[in-house]
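A.B. asks: Sending over a structure as structure tokens; questions will come in a sec.
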Amino acid sequence: MNDMINLSRRTFIKSTALVAGGLVVAFSIPQAKRFMGVANAAEAMPLPAPNAFLRIGADDSITVLLAHSEMGQGVWTTLPMLIADELDADWNKVKVEHAPAAPAYIHTAYGLQITGGSTTTWSEFDRYRQAGALTRALLMQAAAKQWNVPVDSLHTENGAVVNGQKKLSYGQLVETASKLPTPTTVTLKKPEQWKFIGKATKRLDSAEKINGSAKFGQDIQFEGLKIAMVARAPVFGTKLKSVDDSEARKVPGVIKVVKVPTGVAVIAEHYWAAKQGREALKLEWDLAGHDKPDSAVLLKQYQALAQQPGVQAAKAGDVAGASKQAKHTVSAEYVLPYLSHAPMEPLNCAVKISDHGCDIWTGTQMQTTDQASAAKILGLKPEQVNIHTQFLGGGFGRRANPRADFVSEAVEVAKAAGLPVKTVWSREDDIKGGFYRPMFLHRANVALDKQGKPLAWQHKLVGQSIIKGTPFEGVMIKDGIDATSVEGVADSPYVKGTANHQVHLHSVPSEVPVLWWRSVGHSHSGFVMESLIDELAHASKQDPLTYRRQLLKDHPRHLAALNLAADKANWGKPLPAGVSRGIAVHESFGSYVAEVAEVSVKDGEVKVHRVVVAIDCGLAVNPDGVKAQMESCVAFALGAALSSEISFKDGQVVQSNFHDYQVLRMKDMPKVEVHIVPSTEKMGGVGEPGVPPLAPAVTNAIFAATGKRIRRLPIGDQLA
Amino acid sequence: MKLNINGKDTELNVSDDMPILWAIRDVAGMTGTKFGCGMAQCGACTVHLDGQAIRSCVTPVSAAIGKKITTIEAMQEDKVGQVVQAAWQQIDVVQCGYCQSGQIMSATSLLKQNPKPSDADIDAAMSGNICRCGTYQRIRAAIHEAAAKLA
Chain R
1 MNDMINLSRR
11 TFIKSTALVA
21 GGLVVAFSIP
31 QAKRFMGVAN
41 AAEAMPLPAP
51 NAFLRIGADD
61 SITVLLAHSE
71 MGQGVWTTLP
81 MLIADELDAD
91 WNKVKVEHAP
101 AAPAYIHTAY
111 GLQITGGSTT
121 TWSEFDRYRQ
131 AGALTRALLM
141 QAAAKQWNVP
151 VDSLHTENGA
161 VVNGQKKLSY
171 GQLVETASKL
181 PTPTTVTLKK
191 PEQWKFIGKA
201 TKRLDSAEKI
211 NGSAKFGQDI
221 QFEGLKIAMV
231 ARAPVFGTKL
241 KSVDDSEARK
251 VPGVIKVVKV
261 PTGVAVIAEH
271 YWAAKQGREA
281 LKLEWDLAGH
291 DKPDSAVLLK
301 QYQALAQQPG
311 VQAAKAGDVA
321 GASKQAKHTV
331 SAEYVLPYLS
341 HAPMEPLNCA
351 VKISDHGCDI
361 WTGTQMQTTD
371 QASAAKILGL
381 KPEQVNIHTQ
391 FLGGGFGRRA
401 NPRADFVSEA
411 VEVAKAAGLP
421 VKTVWSREDD
431 IKGGFYRPMF
441 LHRANVALDK
451 QGKPLAWQHK
461 LVGQSIIKGT
471 PFEGVMIKDG
481 IDATSVEGVA
491 DSPYVKGTAN
501 HQVHLHSVPS
511 EVPVLWWRSV
521 GHSHSGFVME
531 SLIDELAHAS
541 KQDPLTYRRQ
551 LLKDHPRHLA
561 ALNLAADKAN
571 WGKPLPAGVS
581 RGIAVHESFG
591 SYVAEVAEVS
601 VKDGEVKVHR
611 VVVAIDCGLA
621 VNPDGVKAQM
631 ESCVAFALGA
641 ALSSEISFKD
651 GQVVQSNFHD
661 YQVLRMKDMP
671 KVEVHIVPST
681 EKMGGVGEPG
691 VPPLAPAVTN
701 AIFAATGKRI
711 RRLPIGDQLA
Chain A
1001 MKLNINGKDT
1011 ELNVSDDMPI
1021 LWAIRDVAGM
1031 TGTKFGCGMA
1041 QCGACTVHLD
1051 GQAIRSCVTP
1061 VSAAIGKKIT
1071 TIEAMQEDKV
1081 GQVVQAAWQQ
1091 IDVVQCGYCQ
1101 SGQIMSATSL
1111 LKQNPKPSDA
1121 DIDAAMSGNI
1131 CRCGTYQRIR
1141 AAIHEAAAKL
1151 A
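Residue numbers (the numbering used here), protein chains in the order written: chain R, 1 to 720; chain A, 1001 to 1151.
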């Protein structure tokens, strides 16, 4: 962490220049890995201006440009902390903006501009610190020049270069600095010199989010902007047969009705007119020749598939042979439903097409694919499409769509209407609109020896592939295995630690659109694996914590999280009457999270009183941000575990709004205690890894309380 | 139609049945009040009508004639609202922030009616406001903090 970084080799400095806003320091990393199959456009495309990670204004303001989107996870604060430490910035002068969609902001590991995979902090840890360090070096050189003194006689503090009693603020040095050659090396600070990194830091976006002034995509308004609502197919994949829009056009405030590839758009002066206009449309859809998904039928189909061999995702030893030595065999089927992300801010996207290009205002997690998709629709070059990323009113994966669904549709509407429009989805559109966490069925047979240790582990997964049919298919599906379908199983320490194992996958084709949902494959595999381990512990008459410790003895980061959570939760000590504990530990996105849930069951109702979380994410850049994300993961996962489900009947989604797609509310929020494992191990993520262990911690506690093993989510009325 | 929004009489060209939410947002251009569900299920659209917390997404403008609509934009000038906002900042409640206008409007209304709410009171008053980021624990702490400051 105290590397002398050779910038000419590792980081190519594209430009430093004085622009209207102040000193601009821009970087790009030409050798960014090609992870998702998207070529690194930084080599091919010119940098638009202003384009930077950092601007210092003559007024001493420090504007940090975020290559990632703020959707609640706190990067609006974390990334500026990285710069502020290296720059010795005055924290009160720090402002933040979302960066435009441009090659300079391509993810250092993924090769496209994206916020996802719980990667932002670790993937920017070097780049943002380098930006701060480089700028500080430049400002010191500028001060040395202005004072005509050697640079090593100077130091920096709180937004100024200091020479004895004399001070020059960064703003005062901007002009001189802009004329200097850029340094080719910088020295990053040692951890003991950090003032921000590792210290609990309050959010920089708090004030505007509590007084109503923060701008989300939904809040974009400008002269001439109209509101559009799209009537979409009631059964996924079906096409429009006929439209009668005569009544819709009569609704006061309705301006136009246009056909778009996804359906029929009603364009109006405001949402209320657009909604009423849409309700007045008479549409016929061609349902012939399409699947009509039905949850009961799907379950039978998945169960039948789980009896057949699938595509092999992992194998070792001889499962059939070893199973014959078994003392016990645990066989279980687990089923998890389709889930909607249901971010609080319904999807929306404002589009203005002009002679020179297109401007898009939206909350998005994946600017590169949105930009490319809009450009394709309009026959433009990607750089002619400006994406103005707004605050995201929640993402959870829904706003990172490789198919760019809601952005592409908005562009189609604006194009067809010949007007600037903001498409707005109703909550019903959101719940019924697809791109769900896919339904998954797991079938496992685990053979145990006399001591209860797994001898053979056979595991089959059945579900839709998230990646199939997207631009990432070439990279993320290998030998017929979508890595996101089997993550958390095929790479599980329990499975890999079993000498004889076999993991098979059935990827089910379907027209139901599916997508990553906070913690992706781990959202189902974490529940299944940590429930199964509890079943194995019970079958071998061992304490669930002791049993896990034995199986994870060569996995120190799992163990550290597990032991810390168990210790803080007083595992093994008495609880109030009627309250039981359950435990789970799961690694995802490079972080190790253990959770202990305290649960009671009364009259068939589950009450989760307290959840103790322990996480090893390596260095916690903003410890309070880590805690907030763990609290968030617990709430998000608990709502899903207790009551969320998307189901199908006659091809249509049954649920429509928060009355029947239920999520966690205040009354069901447990007390959450978060403990961070002091760690200098490799950094992992925090936005998602708290989700996977929650459901099994709760259902394992339910088993401890009632003896009933929950093998289907949501828990719903299974205890009634 | 004349509506009194944050103490100002505002003439808006809207039909009687338009929900207050859309009159505020799409016609008056004040975007602090949020759209979340359109059927009084999530609380993102909470405003005060003559001091009572209501869901503006299902309340037609006709119900506000002759009454005072108060939105998040006026909370900085409201004695209780200010304290609630300060507590929100002190506890660092927000994440994505989209629901927080509604949370603050519900919490302010609660504290005006019940200056020292218990956890059960908070559950009852706040369970109509969904937060998908799950900031409930901090909302609860911030309400207690604001109650202590107001005492």
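Just so it is clear, CB atoms sit at the ideal spot from N, CA and C, and this is done for glycine as well.
Return the chain-ordered ranges of every beta strand (DSSP E) run that is complete within the segment 1068 to 1095 of chain A and spans a minimum of 3 residues.
C.D. replies: 1068 to 1070
A.B. asks: In the DSSP output, which residue or residues are listed as bridge partners for R:Q731?
C.D. replies: In this structure chain R extends from 1 to 720, so residue 731 of chain R is not present and cannot be described.
A.B. asks: Kindly indicate which residue of R:F527, R:V677, R:A628 and R:M81 has the alpha-carbon position closest to the one of R:A584.
C.D. replies: It is R:F527 whose Cα lies nearest to the Cα of R:A584.
A.B. asks: State yes or no: is the C-beta of R:E70 within less than 8 Å of the C-beta of R:D205?
C.D. replies: yes
A.B. asks: Do A:V1094 and R:K209 have their C-beta atoms closer together than 8 Å?
C.D. replies: Yes, Cβ-Cβ distance for A:V1094 and R:K209 is below 8 Å.
A.B. asks: Distance cutoff 8 Å, beta carbons only. Does A:E1073 sit that close to anything in chain R?
C.D. replies: By this cut-off, A:E1073 is an interface position.
A.B. asks: Taking the C-alpha atoms as reference points, what is the distance between R:K649 and R:A288?
C.D. replies: Each residue's Cα considered, the two are about 16 Å apart.
A.B. asks: Could you pull out every unbroken beta strand (DSSP E) segment of at least 3 residues lying fully inside the segment 425 to 464 of chain R, listed in chain order?
C.D. replies: The segment 425 to 464 of chain R is shown to contain whole beta strand (DSSP E) runs of 3 or more residues at 440 to 448 and 454 to 463, in chain order.
A.B. asks: Please report the residue range of the beta strand (DSSP E) in which A:T1010 lies.
C.D. replies: K1008 to E1011
A.B. asks: Determine whether the beta carbon atoms of A:G1032 and A:G1128 lie at a separation below 8 Å.
C.D. replies: no
A.B. asks: Need the endpoints of the beta strand (DSSP E) that R:D616 sits in, please.
C.D. replies: According to the DSSP assignment, R:D616 belongs to the beta strand (DSSP E) that extends over E605 to D616.
A.B. asks: If I follow the unbroken beta strand (DSSP E) through R:D359, where does it start and stop?
C.D. replies: Element bounds for R:D359: C358 to T362.
A.B. asks: For the segment 663 to 681 of chain R against the segment 1114 to 1128 of chain A, are there 3 or more C-beta pairs whose distance is under 8 Å?
C.D. replies: Taking one beta carbon from each stretch, the segment 663 to 681 of chain R and the segment 1114 to 1128 of chain A have 3 or more pairs nearer than 8 Å; the two touch.
A.B. asks: Mind checking which residues open and close the beta strand (DSSP E) that includes R:V570?
C.D. replies: At residue 570 of chain R the sequence reads Asn, which differs from the Val that was named. Unbroken run through R:N570: none, as it is neither H nor E.
A.B. asks: Run through DSSP, which three-state label would R:L168 get?
C.D. replies: strand
A.B. asks: Helix, strand or coil: how does DSSP classify A:P1060 here?
C.D. replies: strand
A.B. asks: Could you check the C-alpha separation between R:L564 and R:A614 for me, to the nearest Å?
C.D. replies: 6 Å
A.B. asks: Considering only the beta carbon of each residue, do R:L336 and R:L713 sit closer than 8 Å?
C.D. replies: In this structure, R:L713 lies closer than 8 Å to R:L336 by Cβ.
A.B. asks: Work out the CA separation of A:Q1041 and A:V1047 for me, nearest whole Å.
C.D. replies: 14 Å
A.B. asks: Using 10 angstroms around the beta-carbon of R:Y599, count the other beta-carbons present and answer buried if the total reaches 16, otherwise exposed.
C.D. replies: Going by the sequence as given, residue 599 of chain R is Val instead of Tyr. Buried, since its Cβ has 16 or more Cβ neighbours within 10 Å.
A.B. asks: Tell me where the beta strand (DSSP E) around R:M229 begins and ends.
C.D. replies: K226 to R232
A.B. asks: Return the chain-ordered list of same chain residues with a C-beta closer than 7 Å to the C-beta of R:V677, the five sequence neighbours on each side being excluded.
C.D. replies: A560, A561, L564, A614, I615 and D616
A.B. asks: Given that a residue counts as buried once 16 or more other Cβ atoms are within 10 Å of its Cβ, and exposed if not, what is R:I267?
C.D. replies: Buried, since its Cβ has 16 or more Cβ neighbours within 10 Å.
A.B. asks: Going by DSSP, what residue range makes up the alpha helix (DSSP H) through R:I731?
C.D. replies: Since the displayed chain R opens at 1 and closes at 720, residue 731 of chain R lies outside it and no answer follows.
A.B. asks: Could you work out which residue in R:S340, R:A52 and R:G212 is closest to R:G395 when comparing CA atoms only?
C.D. replies: Of R:S340, R:A52 and R:G212, the residue nearest in Cα terms is R:S340.
A.B. asks: Give the straight-line distance between the Cα atoms of R:T546 and R:P438, rounded to the nearest whole angstrom.
C.D. replies: 33 Å
A.B. asks: Output the distance between the C-alpha atoms of R:A635 and R:L180, rounded to the nearest integer angstrom.
C.D. replies: 51 Å
A.B. asks: Jot down the residue ranges of each uninterrupted alpha helix (DSSP H) in the segment 312 to 376 of chain R, minimum 4 residues, whole runs only, in chain order.
C.D. replies: Here the runs fully enclosed are 319 to 323.
A.B. asks: Note down the Cα distance separating R:K226 from R:S426, rounded to an integer number of angstroms.
C.D. replies: Rounded to the nearest angstrom, the gap between the Cα atoms of R:K226 and R:S426 is 16 Å.
A.B. asks: Who are the Cβ neighbours of R:H555 in its own chain at under 6 Å, not counting the five residues just before and after it?
C.D. replies: P493
A.B. asks: Any idea what DSSP makes of R:W285, helix, strand or coil?
C.D. replies: strand
A.B. asks: Looking at R:G685: is its Cβ nearer than 8 Å to the Cβ of R:G117?
C.D. replies: yes
A.B. asks: Which residues of the segment 663 to 680 of chain R have a Cβ closer than 9 Å to any Cβ of chain A? Give them in chain order.
C.D. replies: V663, L664, R665, M666, K667, D668, M669, P670, K671 and V672
A.B. asks: Please list, in chain order, the chain A residues whose beta carbon lies closer than 8 Å to that of R:Y271.
C.D. replies: W1022, R1025, D1026 and F1035
A.B. asks: Please state whether the Cβ-Cβ distance between R:T423 and R:P402 is less than 8 Å.
C.D. replies: The answer is no: Cβ separation not under 8 Å.
A.B. asks: Going along the chain, which residues of the segment 385 to 405 of chain R sit with their C-beta nearer than 9 Å to a C-beta in chain A?
C.D. replies: F391, L392, G393, G394, G395 and F396
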